[in-house]
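This report concerns only the one structure given below.
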Amino acid sequence: MSMRSQVLEIFRAAVDAVRPENVFPNLVSLTGDTLCVGEHQYALSKTQKIHVFGSGKAAAGSAKVMENILGDRLAGGLVISNVEDPSLDKIRVCAGSHPVADEKSLNATDQLIEQMGQLTKDDFYIYLLSGGASALLERPLPPLTLSDLQNVTRRLLSAGAPIEEMNAVRKHLSLVKGGRLGRMIKARGAVLVISDVIGDDLDTIGSAPLYRDRTTFQDVFDILKKYGLWDHLPAAVAGLVRGGLAGTVDDTPEAPHPRIDHFFAASNIQALEKAKQTALSLGIPTHILSSRLRGEARETAKAIAAIGEEIMATRNPFPPPVCILFGGETTVTLRGDGRGGRNQEMCLSVLKEMNAHEGWVFLSAGTDGIDGHSDAAGAVVDFSTRQRAGEQGLNIDAYLARNDSNGFFKQTGDLVITGSTGTNVMDLAILFIESNI
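Using the working numbering, you'd call the opening residue of the sequence shown number -2 and step up by one each time.
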């Protein structure tokens, strides 16, 4: 098996390990009148049904698994995902838009609010939360409009703001984020979380609709100032933030809801552990270096390339052959009008930085199967990529200047295309060094 094939096999195994069908049966079980979530037990009455709601890229697949686990105990429900799925029996799947909310997101959210609002204090629900929920679950805080939210979201995306800052702003402009949805619900609930943020911070994942928020309007103001956006905001957004600073607009809830529990179902580190296990089974010495990659994709690529070159030149910190694993989520500051995403941009940057030696492969891809505005999950590059690019007269710097990594890799044939995977635990990067220089 070639180095490239091995790296692709490692990535596929890691993604499979965090799919809903492989994580929820290990977390949730129903025996008689007892619902077990992890080590927590919920006593149900003889006739009590369980409602299921959710939002995120993994919501549809998660709902399908919950239908199988809960069986006749399932009352029904509604989840919002980035794709519709008519195959479910009792749980309705509504489609919204990502990474920027649209009318579909708002309409689906209104339906979810209505159904959850009908639950009484004696009811019980499970909420399936995963990455992407920040755009899929949305209702602007009055007097804001959808257009106001879209304007701010697009500006933050273009500025390369990390997800923690993006969601801090989103939470303060939304009726359902930062714990506000939870304050509308009377029933007891359990939130099952597939984490897509560094450090698995519940305040940030999906913009925390049922949790709490430790950020403030002051944080929002500081973030908007940091990226030079404050003077370019829609008037209604600026007015709302000013009201929050003055105390005339309520801030998001600071404390977790006492009747809502949160449980982790999957995270980036689980995917990394499976990647390591798979690489070891292929006979490759393997190390997880970090699950917290962040920052500008191009700058992160320089560090990864430096590690690869050091291993090849000095056998430090590990002698080859060796597989180095990374997880996390970088950002891209858009300067051009090309197509791509953070993973493809990082691969193109690694290709630029690595000296022209054979004996290495690098892959970076999103576990959700979607990298930026493209149909690819990411890319896989090696010495042969550089050769093909040279034969076609492709200039790496020119494609980076246009943020057109997707256009580059389409021509070299190095895209990783998986389609939507039904899960989302950020990105995985795999550096395989086979030999010395």
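Don't be surprised by glycine CBs; every beta carbon is placed ideally from N, CA and C. Values in this document were obtained by computation on a predicted structure and should not be read as measured data.
Flag this pair as yes or no: are the beta carbons of residue i and residue j separated by less than 8 Å?
| i | j | result |
| --- | --- | --- |
| Gly176 | Ala205 | yes |
| Trp357 | Ile430 | yes |
| Leu27 | Arg70 | yes |
| Ala373 | Leu412 | yes |
| Ile195 | Glu326 | yes |
| Ser59 | Ile77 | no |
| His259 | Arg152 | no |
| Phe214 | Leu170 | no |
| Arg180 | Lys174 | no |
| Asp145 | Ala233 | yes |
| Leu331 | Ser155 | yes |
| Ala294 | Val246 | no |
| Thr275 | Ile7 | yes |
| Glu162 | Arg209 | no |
| Ala11 | Lys118 | no |
| Ile393 | Leu425 | no |
| Asn400 | Gly375 | no |
| Ser417 | Val149 | no |
Check for me: the alpha helix (DSSP H) holding residue i runs from which residue to which?
| i | result |
| --- | --- |
| Leu482 | Here the chain has residues from -2 to 434 only, and residue 482 is not among them. |
| Gln267 | 265 to 278 |
| Arg152 | 143 to 156 |
| Phe315 | Neither: Phe315 is in no alpha helix (DSSP H) and is coded neither H nor E. |
| Met424 | Sequence inspection shows Asp at residue 424; the Met mentioned does not correspond to that position. Segment 424 to 430 is the beta strand (DSSP E) holding Asp424; no alpha helix (DSSP H) there. |
Quick one, which of the options has its alpha-carbon nearest residue i's?
| i | options | result |
| --- | --- | --- |
| Lys299 | Ile367, Lys349, Val378 | Lys349 |
| Pro96 | Ala132, Asp82, Ile257 | Ala132 |
| Arg256 | Phe406, Ala10, Leu178, Leu146 | Leu178 |
| Leu444 | Ile393, Asn392, His354, Ala262 | One cannot answer for residue 444 here, as it falls past the ends of the chain, which runs -2 to 434. |
| Glu64 | Lys54, Leu143, Phe21 | Phe21 |
| Asn421 | Asp197, Asn400, Pro318 | Asp197 |
| Gly337 | Lys271, Asp368, Pro316 | Asp368 |
| His254 | Ile182, Gly244, Pro139, Asp248 | Ile182 |
Along the chain, where does the beta strand (DSSP E) that runs through residue i open and close?
| i | result |
| --- | --- |
| Ala40 | 37 to 40 |
| Thr283 | 283 to 290 |
Hey, does residue i have any beta-carbon neighbour from chain D nearer than 8 Å?
| i | result |
| --- | --- |
| Gly404 | Absent from the structure is chain D; it holds one protein chain and no more. |
How about the region 283 to 303 and the region 317 to 328: do they share at least three Cβ pairs that are nearer than 8 Å?
yes
Report yes or no: do the region 360 to 372 and the region 382 to 399 share at least 3 C-beta pairs separated by less than 8 Å?
no
Is the number of C-beta pairs between the region 303 to 315 and the region 40 to 54 that are closer than 8 Å three or more?
no
For the region 175 to 252, list the alpha helix (DSSP H) runs that are entirely contained and at least 4 residues long, ordered along the chain.
214 to 223, 232 to 243
Three or more C-beta pairs below 8 Å linking the region 103 to 119 and the region 78 to 95
yes
May I have a chain-ordered list of the beta strand (DSSP E) segments no shorter than 3 residues that lie completely inside the region 42 to 104?
47 to 52, 71 to 78, 88 to 92
In chain order, which beta strand (DSSP E) runs of at least 3 residues are fully inside the region 340 to 402?
357 to 363, 375 to 379
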